Ligand code: AMP
Ligand code: FE
Ligand code: FE
Ligand code: ZN
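Shown next, in the form of structure tokens:
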């Protein structure tokens, strides 16, 4: 079984539509793909509509933007009730704050790289969560940089003069919210150093106590050492281990299926979730 539980669509900062993600998952030979857009469940329905046609099972999820002491933490929520009022409210507040923050960043950037909010808006999928990658896409479209990565290096990194924060919950609070909504929380890429400071292990311990299910150890942003450290931490804290591509379409080099999650781990995850994995009806998975 090839299970890749963490991919993005144009409902956040991926470039495929949810339907295109399902087709790409089939082409990559996946049995199960997880849709995990930032702070939204908007892609769930259009992706679900493609399960039969593609023969690929769908794990419904969301990657929740959290912060602790200014350090970004990404929490994957799986199989939660999408109508849960508390979680819906956090997602809405985050998306609203993301939008205001992106406008502020564009104002700051425009002083050095002439750019308008309209330029960014045309890069954002309908109703999508706005993020720095969309500003990157506008900078690339305007010819300032060759790709997203260069924009992050030169303009969008958090220590630069153009960076603005957005609202995001504390990761321990987010774990509690996900569990209360019947979801299963997994910490995404816990030791991705390339993204800045990594979260202190005390915070991960607190998240584990609050009901964390697992740690995403197998991820391209982890060095071999980081991956081993995350695996050891999971063993210590009694947490499950997952792996994923964190696919973003053409926005990143990450390829579907480059890291995978074990079938037994997905089975235990599904047991704890309020929703089920959506399977094509002829499949035995
Ligand atoms: P934001 O949530 O708006 O602060 O933007 C963070 C998102 O930017 C992450 O979810 C990544 O998908 C993306 N990202 C971070 N670094 C890079 C990079 N070097 N190249 C492309 N995308 C990146
Ligand atoms: Fe992203
Ligand atoms: Fe992430
Ligand atoms: Zn992601």
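Residue numbers (the numbering used here): 87 to 371.
From the three backbone atoms N, C-alpha and C, an ideal C-beta is built for every residue, glycine too.
No experiment lies behind these values; they were computed from the predicted model shown.
Query                                                                                                                           : Result
3-residue-minimum beta strand (DSSP E) runs that sit fully inside the stretch 278 to 356, ordered along the chain               : 300 to 304 and 326 to 329
Cβ-Cβ distance between residue 191 and residue 230 below 8 Å                                                                    : no
Paired residues, beta bridge with residue 116 - DSSP                                                                            : DSSP lists no partner for residue 116.
Under the three-state DSSP convention, the category residue 365 falls into                                                      : coil
Residue 303 beta carbon less than 8 Å from that of residue 313                                                                  : yes
beta-carbon residue 151 near ligand 1 non-hydrogen atom, thresh 7 Å                                                             : yes
Alpha-carbon spacing of residue 336 relative to residue 265, whole angstroms                                                    : 33 Å
Spatial neighbours of residue 138 in its chain, beta-carbon cut-off 8 Å, leaving aside the 5 residues before and after          : 366 and 367
Near ligand 3: residue 303 beta-carbon under 7 Å from a heavy atom                                                              : no
Coil, strand or helix - residue 103 by DSSP                                                                                     : coil
Paired residues, beta bridge with residue 153 - DSSP                                                                            : 158
8 Å contact criterion, which residue 162 and residue 274 should meet: CB distance rounded                                       : 5 Å
Residue range of the alpha helix (DSSP H) that includes residue 232                                                             : Run containing residue 232: none; DSSP gives neither H nor E here.
Segment contact, 8 Å Cβ cut-off, at least three pairs: the stretch 89 to 98 with the stretch 124 to 133                         : yes
Beta-carbon proximity of residue 118 to residue 143, cut-off 8 Å                                                                : yes
Cβ-heavy atom distance, residue 220 to ligand 4, below 7 Å                                                                      : no
The beta strand (DSSP E) enclosing residue 273, as first and last residue numbers                                               : 270 to 273
Presumed contact (8 Å Cβ cut-off) between residue 184 and residue 217, rounded CB distance                                      : 6 Å
Test item: CB-CB of residue 299 and residue 272 under 8 Å                                                                       : yes
Proximal residues to residue 356 (C-beta, below 6 Å), its chain only, five neighbours per side dropped                          : 363
Cut-off 6 Å between Cβ atoms - residues of its own chain near residue 449, not counting five sequence neighbours on either side : A query on residue 449 cannot be resolved here, the shown segment of the chain reaching from 87 to 371 and no further.
Proximity to residue 105 [Cα-Cα], best of 87, 88, 128 and 89                                                                    : 128
Residue 140 in three-state terms, based on DSSP                                                                                 : helix
Limits of the beta strand (DSSP E) - the one that residue 188 falls within                                                      : No beta strand (DSSP E) holds residue 188; the alpha helix (DSSP H) holding it covers 171 to 196.
For residue 148, the residue or residues it bridges with in DSSP                                                                : 123 and 163
Any non-hydrogen atom of ligand 2 within 7 Å of residue 99 CB                                                                   : yes
Proximity of residue 205 and residue 172 at Cβ, strictly below 8 Å                                                              : no
Endpoints, alpha helix (DSSP H) assigned at residue 132                                                                         : 130 to 134
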